[in-house]
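K.L.:
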Amino acid sequence: MDRGDPIDYSLARGIASAVFAGYCYFMGFFAERNGSLLLWTYLLANAGMFLMALVFAPKKQPVRVSEKPTGTAALLKKHPYLVFFLLGTVLTFAAHNFINAYMLSIVTHIGKGTHEMSAAISLAAILEIPAMCGFSLLQKRFRLERMLIFSFVAFLVKHLLMLLPLYFHAGIWAVYLSQSLQLCGYALFIPASSFFVNDRMDSTDKVKGQMLLTESITISCILGQLFGGYCIAWVGVPQTMLFGCILSGAGLLLLRQGIQRSRVKA
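Residue 68 in my numbering sits at position 52 of the sequence shown, with consecutive numbering throughout.
1) Of all the options PHE46, ARG157 and ILE238, which has the alpha carbon lying nearest to the alpha carbon of TYR118?
2) Can you give the Cα-Cα distance for HIS112 and ARG19, rounded to whole angstroms?
3) Buried or exposed for PHE72, please, with buried defined as at least 16 other CB atoms from any protein chain shown within 10 angstroms of its CB.
4) Quick test of your reading: LEU204 and MET163, contact by CB under 8 Å. State the CB separation rounded to the nearest angstrom.
5) If we call anything under 8 Å between Cβ atoms a contact, is THR124 one with ILE233?
6) Helix, strand or coil for GLY7, going by three-state DSSP, please let me know.
7) Which class does PRO22 belong to by DSSP, given the choice of helix, strand or coil?
8) For LYS281, name the three-state secondary structure that DSSP assigns.
9) Excluding the 5 residues preceding and the 5 following ILE142 in the sequence, name in chain order all residues of the same chain whose CB lies nearer than 6 Å to its CB.
10) Grouping DSSP H, G and I as helix and E and B as strand, with all else coil, what is HIS95?
11) Which runs of the alpha helix (DSSP H), 4 residues or longer, sit entirely within the region 193-219?
12) How many angstroms separate the CA atom of GLY252 from the CA atom of PHE259?
13) Could you tell me which of PHE100, ARG49 and LEU107 sits nearest to HIS175, measuring between CA atoms?
14) Considering only C-alpha positions, which residue in the set LEU27, ILE122 and THR88 is nearest to GLY245?
15) Quick one: using the 10 Å Cβ neighbour count with 16 as the cut-off for buried, is TRP250 buried or exposed?
16) Is it right to say ARG159 is buried, meaning 16 or more other beta carbons lie within 10 angstroms of its own, or is it exposed?
17) How is ALA135 classed by DSSP in three states: helix, strand or coil?
18) Considering only the beta carbon of each residue, do TYR41 and ALA135 sit closer than 8 Å?
19) Using the Cα positions of THR256 and MET178, report the straight-line distance between them to the nearest angstrom.
20) Whole angstroms are fine: how far does the CA of LYS94 sit from the CA of LEU120?
21) Determine the direct distance from the alpha carbon of LEU54 to that of GLN198, and round the result to whole angstroms.
22) Are the CB atoms of PHE114 and LEU270 within a distance shorter than 8 Å?
23) What did DSSP end up calling TYR118 once you bin it into helix, strand or coil?
24) In chain order, what residues of the same chain lie with their CB nearer than 6 Å to the CB of LEU27, ignoring the 5 residues before and after it?
25) Within the region 134-190, note down every full alpha helix (DSSP H) run reaching 4 residues or more, in order along the chain.
26) Go to MET227, then tell me how far its alpha helix (DSSP H) extends in each direction, as first and last residue.
27) If you draw a straight line from the C-alpha of PHE46 to the C-alpha of LYS222, how long is it?
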């Protein structure tokens with residue numbers, strides 16, 4: 017996109033969400049009959065992704081000798097706001113990934129099963145599509161900073177809504193309502209954060225900046241799934257979700273601090 021190629025990143029990401037929604041919904045039915053099918057489907061899908069990656073042929077751009085990418089430590093020192101931004105992303109997405117990984121535990125706790133689990137995850141993925149496909153239009157009307165903060169507020173509200181069925185005996189509708197906020201949270205943050213980091217990095221640091229963003233989300237996935245499982249075993253699902261809400265609130269504060277400290281590249 018920086019080269020001027022006619023690429024709509026958010027539209028491509030929306031298509032991926034549509035495929036993921038269909039995958040989760042139908043695999044929920046299959047899992048009730050043969051759970052091992054999930055493992056083989058996962059292995060085949062990743063093998064196919066690996067083969068597709070082999071045919072990618074990005075254009076090589078000549079780089080002047082004087083243009084050397086900044087090291088990670090130097091990059092964070094050069095852009096200190098990025099530390100707050102990335103830490104906020106890790107905390108909020110840790111709570112987000114806990115919900116995704118342990119949705120079955122959440123719905124089981126309120127007396128539901130795999131059908132409701134797959135429906136809840138599919139609903140969230142389906143609602144990503146309009147926000148991601150229309151992000152280019154939103155970008156013309158709203159500043160990236162406002163969309164990022166709005167998305168993290170939506171994350172926090174989503175996580176708080178998940179407490180309704182766990183603490184106040186609300187029905188499965190509360191889970192679906194919580195998942196519907198994927199439209200305003202995850203679906204906005206993914207494209208907005210990529211454009212935000214890309215906009216503030218020098219040409220030689222754009223790739224590393226987005227790499228750090230991707231790594232922060234990966235780290236949050238590991239933390240959410242690893243410690244989420246331990247917390248469920250130690251204190252139970254409701255208390256773990258409450259802790260996730262605290263993490264999400266802290267993530268919002270850190271993200272806001274990072275955005276306030278950032279400066280638009282001259």
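Beta carbons are placed, not taken as given, at the ideal position from N, Cα and C, and that holds for glycine.
P.N.:
In brief:
1) Closest by alpha carbon: ILE238.
2) HIS112 and ARG19: Cα-Cα distance of roughly 34 Å.
3) It is exposed - the Cβ of PHE72 has fewer than 16 other Cβ atoms within 10 Å.
4) Between the beta-carbon of LEU204 and that of MET163 there is about 5 Å, and that keeps the pair under the 8 Å contact cut.
5) The criterion of a C-beta distance shorter than 8 Å is not satisfied by THR124 and ILE233.
6) Residue 7 cannot be examined here, being either before or after the span of the chain that is shown, 17 to 282.
7) Residue state, collapsed to three classes: coil.
8) With a pLDDT of 47 at LYS281, under the threshold of 50, the modelled position of that residue is not reliable, and no figure is offered here.
9) Excluding its 5 nearest sequence neighbours in each direction, ILE142 has C-beta neighbours in its own chain below 6 Å: ALA37, listed in chain order.
10) Residue state, collapsed to three classes: coil.
11) Runs of the alpha helix (DSSP H) inside the region 193-219: 202-216.
12) Cα-Cα distance, rounded: 11 Å.
13) Closest by alpha carbon: LEU107.
14) Nearest of LEU27, ILE122 and THR88 to GLY245, Cα basis: ILE122.
15) Taking every protein chain shown into account, the CB of TRP250 has fewer than 16 other CB atoms within 10 angstroms, so this residue is exposed.
16) Exposed, by the Cβ-count rule.
17) DSSP places ALA135 in helix when its eight states are reduced to three.
18) Yes, Cβ-Cβ distance for TYR41 and ALA135 is below 8 Å.
19) Counting only the Cα atoms, MET178 lies some 11 Å from THR256.
20) Cα-Cα distance, rounded: 43 Å.
21) The C-alpha of LEU54 is placed about 24 Å away from the C-alpha of GLN198.
22) No.
23) Correct three-state label for TYR118: coil.
24) Excluding sequence neighbours, LEU27 sits near CYS149.
25) Contiguous alpha helix (DSSP H) elements confined to the region 134-190 occur at 151-157, 160-177 and 179-183, taking only those with 4 or more residues.
26) It spans 222-251 - the alpha helix (DSSP H) in which MET227 sits, taken as one unbroken run.
27) Inter-residue distance for PHE46 and LYS222 is about 42 Å (C-alpha atoms, whole angstroms).
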